[in-house]
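Participant:
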DNA sequence: TACCAGATTTTGACAAATCAAAATATCAGA
DNA sequence: TCTGATATTTTGATTTGTCAAAATCTGGTA
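Protein chains in written order, with this note's numbering: chain R, 1 to 228; chain H, 1 to 228.
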């Protein structure tokens with residue numbers, strides 16, 4: 001009765017694709033298949049089964065979307081994933097660049113009891129080491145609407161709130177350029193033609209990064225009174 | 001190429017049956033199947049595949065035994081299992097009576113890197129919360145030869161070194177009667193006819209337990225100078 | 001030595017998850 | 001409206017791990 005690892009991974013992938021595409025869009029099968037590393041036919045077959053179980057709504061040739069039951073399940077998988085990531089960083093002393101792959105396996109193996117212990121031990125945190133929000137045990141998530149380095153005001157100090165990529169390589173890049181959650185940056189210039197963004201970070205250092213990279217760094221204006 | 005969860009479980013089961021039966025005995029298929037909760041035919045099929053992979057030696061109608069490659073792999077699974085158990089008790093504050101089932105899942109999901117961190121964090125321990133020895137990263141195990149409450153000298157203080165059962169119920173029973181590793185007991189009387197053993201434990205409390213239970217509690221004579 | 005009880009193996013079937021490749025649908029553009 | 005490029009679905013096969021039940025083997029006993 002409990003969903004297999006595979007089912008959990010499908011739900012998680014649909015969930016994440018949905019939050020990128022927006023709540024009313026259907027996730028195309030090709031995209032889902034690519035995210036999961038399977039051929040499209042496999043995704044079709046699996047999604048039909050998920051639809052049978054009432055976890056997704058599937059429209060042939062259109063795409064797939066989670067039902068509220070599926071959404072809850074997916075959020076709980078994500079909850080486990082993100083709590084584990086934070087645990088691995090805070091308690092086990094691992095690097096935030098490395099924990100994703102480990103959590104990818106552990107998220108299917110931990111019991112609810114252990115997850116709750118971890119949650120408690122970490123003080124019921126709201127976000128994981130990448131700034132991704134941790135869903136509540138009830139399966140609800142609140143996603144703060146942040147600017148990105150592509151949309152935020154120029155010449156204005158911003159604090160990094162979230163880095164939206166799981167790839168070790170990108171995370172290491174972000175780390176090298178002081179673009180980890182909590183750090184302060186300021187966008188100096190955007191060049192649409194060159195597809196680039198010039199930043200001034202901690203210690204007056206300057207860097208120019210591509211627009212694609214810039215869009216993955218979510219920021220918020222530094223509050224007037226830092227210690228309110 | 002890396003062994004599936006199932007393969008790991010089969011190797012582990014053969015390993016543990018082997019250490020009970022003795023090094024030169026073949027593990028009968030029926031026993032293996034029972035340990036894994038599958039029907040005998042399933043075990044036969046799987047064992048044949050393991051033999052193909054060179055992890056076990058299989059003799060039809062006789063039984064199965066690990067090759068040295070299989071033994072190493074099995075020991076590493078056991079290493080993960082036992083380090084996780086100890087971690088759950090020492091770091092996560094779980095009860096030694098509960099950690100077995102959790103570890104049963106996690107042992108297949110943790111990476112070598114994480115296991116090494118855990119090992120390091122725990123100070124490279126030699127035994128798990130039940131006193132079971134933790135195999136070395138090279139796959140070698142040294143099993144100290146202890147007496148049991150069924151074989152140790154009478155009227156002589158003994159310290160509990162190991163409790164050889166994974167069942168929560170039995171472990172809770174042991175805990176209730178102060179038969180956890182580190183505690184001191186003394187056998188007052190054995191009654192072969194009644195199949196029972198009378199003990200005097202911590203705080204002069206007396207208990208009578210069955211021979212089967214007594215044989216699961218491994219002990220060692222209290223050394224003359226406790227702090228040598 | 002012949003037979004029986006119990007353990008073991010074999011056989012056939014099944015579910016989950018996958019792929020390759022053929023068939024089909026969709027949509028944009030002429 | 002027809003057509004072609006692209007996405008999606010179907011079909012048939014494969015792998016892994018399992019069960020049920022029939023067939024077979026083994027070891028002890030008469």
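Idealized CB from N, CA, C, for every residue including glycine.
Which chain R residues sit within Cβ distance under 9 Å of residue 108 of chain H?
Facilitator: Within chain R, the residues near residue 108 of chain H are 105, 109.
Participant: How is residue 228 of chain R classed by DSSP in three states: helix, strand or coil?
Facilitator: Legend: pLDDT at residue 228 of chain R = 47, less than 50; position of this residue unreliable, value from coordinates given subsequently. Three-state DSSP puts residue 228 of chain R in coil, outside helix and strand.
Participant: Does the beta-carbon of residue 52 of chain H have 16 or more other beta-carbons within 10 angstroms, so that it is buried, or is it exposed?
Facilitator: Exposed.
Participant: Residue 228 of chain H CB to nearest chain R CB: under 8 Å?
Facilitator: Any reading at residue 228 of chain H must be qualified, since the residue scores a pLDDT of 47, below 50, and its modelled position is unreliable; the value itself is stated next. No, residue 228 of chain H lies away from the interface with chain R (no Cβ there is under 8 Å from its Cβ).
Participant: Should residue 8 of chain H be flagged as near chain R, meaning a C-beta pair shorter than 8 Å?
Facilitator: So no, residue 8 of chain H is outside the interface.
Participant: Answer yes or no: does any C-beta atom of chain H fall closer than 8 Å to that of residue 102 of chain R?
Facilitator: Yes, its Cβ sits closer than 8 Å to a Cβ of chain H.
Participant: In chain order, which alpha helix (DSSP H) runs of at least 4 residues are fully inside the stretch 31 to 90 of chain H?
Facilitator: Qualifying alpha helix (DSSP H) stretches, in chain order: 40 to 52, 68 to 90.
Participant: Does the beta-carbon distance from residue 217 of chain R to residue 182 of chain R come in below 8 Å?
Facilitator: No. Outside cutoff.
Participant: Is there contact here, the stretch 132 to 147 of chain H with the stretch 201 to 209 of chain H, by at least three beta-carbon pairs under 8 Å?
Facilitator: Judged by Cβ distances under 8 Å, the stretch 132 to 147 of chain H makes no contact with the stretch 201 to 209 of chain H, as fewer than three pairs qualify.
Participant: Consider the Cβ of residue 117 of chain R: report whether some Cβ of chain H lies at a distance smaller than 8 Å.
Facilitator: It does; some Cβ of chain H falls within 8 Å.
Participant: Between residue 9 of chain H and residue 36 of chain H, how many whole angstroms is the CB-CB distance? I'm expecting something under 8 Å.
Facilitator: Residue 9 of chain H to residue 36 of chain H, Cβ: 6 Å. Contact.
Participant: What number of angstroms, rounded off, separates the C-alpha of residue 122 of chain R from the C-alpha of residue 86 of chain R?
Facilitator: Answer to the nearest angstrom: the Cα atoms are 8 Å apart.
Participant: What's the C-alpha gap between residue 97 of chain R and residue 117 of chain H?
Facilitator: Going from the Cα of residue 97 of chain R to the Cα of residue 117 of chain H covers about 16 Å.
Participant: So, with DSSP's three-state summary, where would you put residue 162 of chain R?
Facilitator: Looking at residue 162 of chain R - three-state DSSP - the assignment turns out to be strand.
Participant: Counting along the chain, where does the alpha helix (DSSP H) carrying residue 19 of chain H start and finish?
Facilitator: First-last of the alpha helix (DSSP H) with residue 19 of chain H: 5 to 21.
Participant: Residues of the stretch 148 to 171 of chain R in Cβ contact with chain H at a cutoff of 8 Å, in chain order, please.
Facilitator: Residues passing the 8 Å Cβ filter: none.
Participant: Is residue 72 of chain R near the ligand NAD, going by C-beta to nearest heavy atom under 7 Å?
Facilitator: As for the ligand NAD, it is missing from this structure, which has no ligand bound.
Participant: Quick check on the burial criterion: 16 or more other C-beta atoms within 10 angstroms. Buried or exposed for residue 222 of chain R?
Facilitator: Residue 222 of chain R is exposed by the Cβ-count criterion.
Participant: Please state if the CB of residue 67 of chain R and the CB of residue 55 of chain R are separated by a distance shorter than 8 Å.
Facilitator: Their beta carbons are under 8 Å apart, which means residue 55 of chain R touches residue 67 of chain R by this criterion.
Participant: Please confirm if the stretch 170 to 179 of chain R is in contact with the stretch 12 to 26 of chain H, defined as three or more CB-CB distances below 8 Å between the two stretches.
Facilitator: Because the criterion of three Cβ pairs below 8 Å is not met, the stretch 170 to 179 of chain R and the stretch 12 to 26 of chain H do not touch.
Participant: Would you tell me roughly how many angstroms separate the C-alpha atoms of residue 212 of chain H and residue 186 of chain H, rounded to the nearest one?
Facilitator: Going from the Cα of residue 212 of chain H to the Cα of residue 186 of chain H covers about 17 Å.
Participant: Can you give, in chain order, each stretch of the beta strand (DSSP E) that sits fully within the stretch 168 to 225 of chain R and has at least 3 residues?
Facilitator: Listed in chain order, the complete beta strand (DSSP E) runs (minimum 3 residues) inside the stretch 168 to 225 of chain R are 184 to 191, 196 to 200, 206 to 210, 217 to 221.
Participant: Could you spell out where the alpha helix (DSSP H) holding residue 134 of chain H opens and where it closes?
Facilitator: No alpha helix (DSSP H) contains residue 134 of chain H, which DSSP labels as neither H nor E.
Participant: Three Cβ pairs or more, each shorter than 8 Å: is that satisfied between the stretch 62 to 81 of chain R and the stretch 102 to 111 of chain R?
Facilitator: The answer is yes - the stretch 102 to 111 of chain R touches the stretch 62 to 81 of chain R, with three or more Cβ pairs under 8 Å.
Participant: Just how far apart, CA to CA, sit residue 112 of chain R and residue 124 of chain R?
Facilitator: Approximately 14 Å between the Cα atoms of the pair.
Participant: Indicate whether at least one CB of chain R lies closer than 8 Å to the CB of residue 114 of chain H.
Facilitator: Yes, its Cβ sits closer than 8 Å to a Cβ of chain R.
Participant: Using the beta-carbon count (16 or more within 10 Å), is residue 228 of chain H buried or exposed?
Facilitator: Low confidence applies here, because residue 228 of chain H scores a pLDDT of 47, under 50, leaving its location unreliable and the question unanswered by this model.
Participant: Answer yes or no: does any C-beta atom of chain H fall closer than 8 Å to that of residue 46 of chain R?
Facilitator: Residue 46 of chain R does not count as touching chain H.
Participant: What are the residues that DSSP puts in a beta bridge with residue 147 of chain R?
Facilitator: Answer by DSSP bridge pairing, in chain order: R:219.
Participant: Would you kindly report the start and end of the unbroken alpha helix (DSSP H) that includes residue 105 of chain H?
Facilitator: Taken as a continuous stretch (DSSP letters only), the alpha helix (DSSP H) holding residue 105 of chain H covers 99 to 106.
Participant: May I ask you to list the residues that DSSP assigns as paired with residue 127 of chain H?
Facilitator: For residue 127 of chain H, which the question treats as bridged, DSSP gives the partners H:133.
Participant: Within a Cβ cutoff of 6 Å, which residues of the same chain sit near residue 104 of chain R, ignoring the five residues on either side of it in sequence?
Facilitator: No residues qualify anywhere along the chain.
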